[in-house]
């Protein structure tokens, strides 16, 4: 008999629906949104009558979806009722690939972790008057909280219409949806608009693991404003902003229990979050750390930490750290330490969370975790790197995002918005990337090449030795763009847009892409600059220069920081 997840996935993919609007499930492909549109019919079939109080976008999606074959719907109901198998999360994960899920940070929490968090949350706050689930997904926390506190209202918040609808279907089949409020909103904005509730609230859940590279400048600015100073670095992932606004919303009687990527506990962007937790001594704080080698959320490549913040007035000013062992059957607490929160906050929580790591920072050469090469050698950058005006009539197929000078970038990220700003300023930002005669079918391309020949570019040192003078070398876009020389500070920029740099820029290619944010942040830090300058060659007038092999010899911390998502 076919697996019900395979049946539902196959039905959704073959339903022939029009793709959902991209803003309803950001980051997904058109093909994925076609299948997700069909899942509206699954939700409608599971709940029967669509409630009038649902968010309008959710109602429209569910009403528009095609009907699920009766036998498939019955099998889904039976599977859920008999086994409590999370078939809805499995179908979503089957339709939406990991890279597409990263835009919204949609990674579903294993049930053993949910149960551990519910136990710790109940110990901190025995009887909440409201449970708020930020980034509710398909409802692992909302439904578990509803079972534990049957009469307590649950606010399930998400910007993703599809997962919110699947949560509604699960709640209906679970029989515990009466007190569940579905809220289609941005949690960061929603929380700031809420009036003070009577009685204690519990903030419980798994904030989205969206990496900072997936956030555009507008979203980052709004998130920083909402964080009100607790996050002041553009390298923070979305979960850090969720934590910041949540901490600042806590009243004395409220509590918080989140599962988070461990990077905030060590990275520079998390220092003010750590300061808050250390200095609010009226609240006990618990941190449950999973081993760094364990993938609690498969495919995310992050360390995982559970944070519990108690209501005020419940004991001494302590921070308790527990190390959790996770295997296929159980969770086990292996080690517990208690730290008095006196004096200045520690610069990092890492040594408390993972005490088996060396207290003395060890280093490795950058060559162990990356390779470095110079950007593309065109032989005539003025010809091959184009401004928006120069590329106007050229076909997209012969162009690649490019970058001529690192100084053209204003910040530490080259994303689509920054790339467009470079173009608006009149700087070259496109590489003419021709491979051979088959690419010169366009009259506009031929005119461009004629201009180049008339200027003598075809007879330059590099161009004349190529099989086709106009076919520049093909290189992969590096993960990090770095400068060759400086009189002040070397620069490192995350190459979000996958631009091809000119030969006046070096590119760092990480063996593990999840380490890109941490490596870039470290290179730009004071310690990173010291390490770079220690390898640099000194020239007249205070000029410092690094060759690619010099970068490879730079010593970086071997625990450079857990990757952020």
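Residue numbers (our numbering): 249 to 813. We treat Cβ as the ideally placed atom computed from N, Cα and C, and that holds for glycine. These figures come from a predicted structure and were not determined experimentally.
Checklist entry - Applying the criterion that 16 or more other CB atoms from any shown protein chain within 10 Å of the CB defines a buried residue, is residue 510 buried or exposed? => result Sequence index remark: in the chain shown, residue 510 carries index 262 (1-based). Under this definition residue 510 is a buried residue.
Checklist entry - In whole angstroms, what is the alpha-carbon distance linking residue 589 and residue 753? => result As a position in the chain shown, residue 589 is number 341, starting the count at 1. As a position in the chain shown, residue 753 is number 505, starting the count at 1. Distance between the alpha carbons of residue 589 and residue 753: 46 Å.
Checklist entry - Any idea what DSSP makes of residue 741, helix, strand or coil? => result Here the question's residue 741 lines up with position 493 in the chain shown. Three-state DSSP puts residue 741 in a strand.
Next on the checklist: Just verifying my parser: in three-state terms, what is the DSSP assignment at residue 582?
Outcome noted: For the purposes of this step, residue 582 is identified with residue 334 of the chain shown, where counting begins at 1. In the structure shown, residue 582 sits in a strand (DSSP, three-state: E or B).
Next on the checklist: In the DSSP output, what is residue 700 paired with across the bridge?
Outcome noted: The residue you call residue 700 lines up with position 452 of the chain shown. BP columns for residue 700 are empty, so no partner.
Checklist entry - With C-beta atoms as the reference, is residue 449 less than 8 Å away from residue 502? => result Numbered from its first residue, the chain shown carries residue 449 at position 201. Numbered from its first residue, the chain shown carries residue 502 at position 254. Yes, they are a contact pair.
Next on the checklist: Assuming contact is defined by CB atoms lying nearer than 8 Å, are residue 239 and residue 380 in contact in what I supplied?
Outcome noted: Absent from the model: residue 239. The displayed extent of the chain is 249 to 813, so no value can be given.
Next on the checklist: Can you find the residues in the same chain that come closer than 6 Å, C-beta to C-beta, to residue 606, ignoring five residues on each side of it along the sequence?
Outcome noted: In the chain shown, residue 606 corresponds to position 358, counting from 1. For residue 606, the predicted model reports a pLDDT of 44, less than 50, meaning its position is unreliable; a value from the coordinates is still stated below. Annotation for residue 606: no residue places its beta carbon closer than 6 Å to its own, counting only its chain and skipping 5 residues before and after.
Item to check | Straight-line Cα distance separating residue 668 from residue 676 | outcome: Taking the chain shown and counting its residues from 1, one reaches residue 676 at position 428. Taking the chain shown and counting its residues from 1, one reaches residue 668 at position 420. A straight line joining the alpha-carbon of residue 676 with that of residue 668 spans about 11 Å.
Checklist entry - So, using beta-carbon positions, are residue 659 and residue 747 closer together than 8 Å? => result Indexing the chain shown from 1 puts residue 659 at position 411. Indexing the chain shown from 1 puts residue 747 at position 499. Not in contact: residue 659 and residue 747 (Cβ atoms no closer than 8 Å).
Checklist entry - Over what stretch of residues does the beta strand (DSSP E) that includes residue 652 continue unbroken? => result Here residue 652 refers to the residue found at position 404 of the chain shown. According to the DSSP assignment, residue 652 belongs to no beta strand (DSSP E), since it is labelled neither H nor E.
Item to check | Beta bridge counterpart(s) of residue 506 as assigned by DSSP | outcome: What you label residue 506 is simply residue 258 of the chain shown in a count that begins at 1. BP columns for residue 506 point to 453, 555.
Checklist entry - Run through DSSP, which three-state label would residue 633 get? => result Against the chain shown, residue 633 aligns to sequence position 385. Here residue 633 sits in strand by DSSP.
Checklist entry - Beta-carbon separation of residue 719 and residue 684 under 8 Å? => result Position 471 of the chain shown, counting from 1, holds the residue named residue 719. Position 436 of the chain shown, counting from 1, holds the residue named residue 684. A distance below 8 Å separates the beta carbons of residue 719 and residue 684.
Checklist entry - Quick one, are the C-beta atoms of residue 488 and residue 518 less than 8 Å apart? => result As a working note, residue 488 is residue 240 in the chain shown. As a working note, residue 518 is residue 270 in the chain shown. Yes, Cβ-Cβ distance for residue 488 and residue 518 is below 8 Å.
Item to check | Own chain residues within Cβ distance below 8 Å of residue 578, not counting five before or after | outcome: Walking along the chain shown from the start, residue 578 turns up at place 330. 360.
Checklist entry - Which residue's Cα is closest to the Cα of residue 672: 653, 637, 699, 690? => result For the purposes of this step, residue 672 is taken as residue 424 along the chain shown, with counting starting at 1. Per the Cα distances, 637.
Checklist entry - Distance, Cα to Cα, residue 744 vs residue 679? => result What you label residue 744 is simply residue 496 of the chain shown in a count that begins at 1. What you label residue 679 is simply residue 431 of the chain shown in a count that begins at 1. A direct Cα-to-Cα measurement between residue 744 and residue 679 gives close to 16 Å.
Next on the checklist: Given a cut-off of 8 Å on the beta-carbon distance, is the pair residue 477 and residue 291 in contact?
Outcome noted: Against the chain shown, residue 477 aligns to sequence position 229. Against the chain shown, residue 291 aligns to sequence position 43. Between residue 477 and residue 291, the C-beta gap is not smaller than 8 Å, which leaves the two residues out of contact.
Next on the checklist: Quick check on DSSP: helix, strand or coil for residue 391?
Outcome noted: As a position in the chain shown, residue 391 is number 143, starting the count at 1. DSSP, reduced to helix, strand and coil, places residue 391 within a helical segment of the structure shown.
Item to check | Element boundaries [beta strand (DSSP E), containing residue 667] | outcome: Within the chain shown, residue 667 is the residue found at index 419, counting from 1. Note, residue 667: premise wrong, no beta strand (DSSP E); alpha helix (DSSP H) at 664-672.
Checklist entry - Taking the beta strand (DSSP E) that residue 429 falls in, what are its first and last residues? => result Here residue 429 refers to the residue found at position 181 when the chain shown is read from its first residue. Start and end: 428-432.
Next on the checklist: Taking 8 Å as the cut-off, does the segment 530-539 touch the segment 551-564 (at least 3 CB pairs, one atom from each stretch)?
Outcome noted: Touching, yes.
Checklist entry - What's the gap between the Cα of residue 281 and the Cα of residue 262? => result Here residue 281 refers to the residue found at position 33 when the chain shown is read from its first residue. Here residue 262 refers to the residue found at position 14 when the chain shown is read from its first residue. In this model, residue 281 and residue 262 are separated by some 12 Å (Cα to Cα).
Item to check | Nonlocal neighbours in the same chain, by C-beta distance under 7 Å from residue 419, ignoring five residues either side | outcome: For the purposes of this step, residue 419 is taken as the residue at position 171 of the chain shown. The answer, listed in chain order, is 387, 391, 425, 428.
Next on the checklist: Taking the alpha carbon of residue 367 as the reference point, which residue from 378, 396, 340 has its own alpha carbon closest?
Outcome noted: Here residue 367 corresponds to residue number 119 of the chain shown, with the count starting at 1. Of the listed residues, the one whose Cα sits closest to residue 367 is 396.
Checklist entry - Can you tell me whether DSSP reads residue 685 as helix, strand or coil? => result Within the chain shown, numbered from 1, the residue matching residue 685 stands at position 437. Residue state, collapsed to three classes: helix.
Checklist entry - What do you reckon, are the CB atoms on residue 566 and residue 596 nearer than 8 Å? => result In the chain shown, residue 566 corresponds to position 318, counting from 1. In the chain shown, residue 596 corresponds to position 348, counting from 1. Not a contact, by the Cβ cut-off of 8 Å.
Checklist entry - Can you name the residues that DSSP bridges to residue 678? => result The residue given as residue 678 occupies position 430 in the chain shown. The partner list for residue 678 (beta bridge, DSSP) reads 634, 649.
Next on the checklist: Which residue wins for smallest C-alpha separation from residue 401, given the options 421, 433, 364, 452?
Outcome noted: Mapped onto the chain shown, residue 401 falls at position 153. Answer by Cα proximity: 452.
Item to check | Opening and closing residue of the alpha helix (DSSP H) in which residue 765 lies | outcome: The residue you call residue 765 lines up with position 517 of the chain shown. Here the alpha helix (DSSP H) through residue 765 covers 764-772.
Item to check | Exposure label - residue 334; buried when at least 16 CB within 10 Å | outcome: What you label residue 334 is simply residue 86 of the chain shown in a count that begins at 1. Using a 10 angstroms sphere on the CB of residue 334, the tally of other CB atoms reaches 16 or more, which defines it as buried.
Next on the checklist: Helix, strand or coil for residue 587? Go by DSSP, reduced to three states.
Outcome noted: Here residue 587 corresponds to residue number 339 of the chain shown, with the count starting at 1. Residue state for residue 587 is assigned as strand, using DSSP reduced to three classes.
Item to check | Nearest to residue 372 (by Cα), restricted to the options 523, 727, 654, 556 | outcome: Along the chain shown, read from residue 1 onward, the residue named residue 372 stands at position 124. Selected option, being the one with the closest Cα: 556.
Item to check | C-alpha distance - residue 369 paired with residue 643, whole-angstrom precision | outcome: Reading the chain shown from its first residue, position 121 is the one you call residue 369. Reading the chain shown from its first residue, position 395 is the one you call residue 643. Straight through space, the alpha carbons of residue 643 and residue 369 are spaced by roughly 57 Å.
Checklist entry - Which residues mark the beginning and the end of the beta strand (DSSP E) in which residue 314 is found? => result In the chain shown, residue 314 corresponds to position 66, counting from 1. Unbroken run through residue 314: none, as it is neither H nor E.
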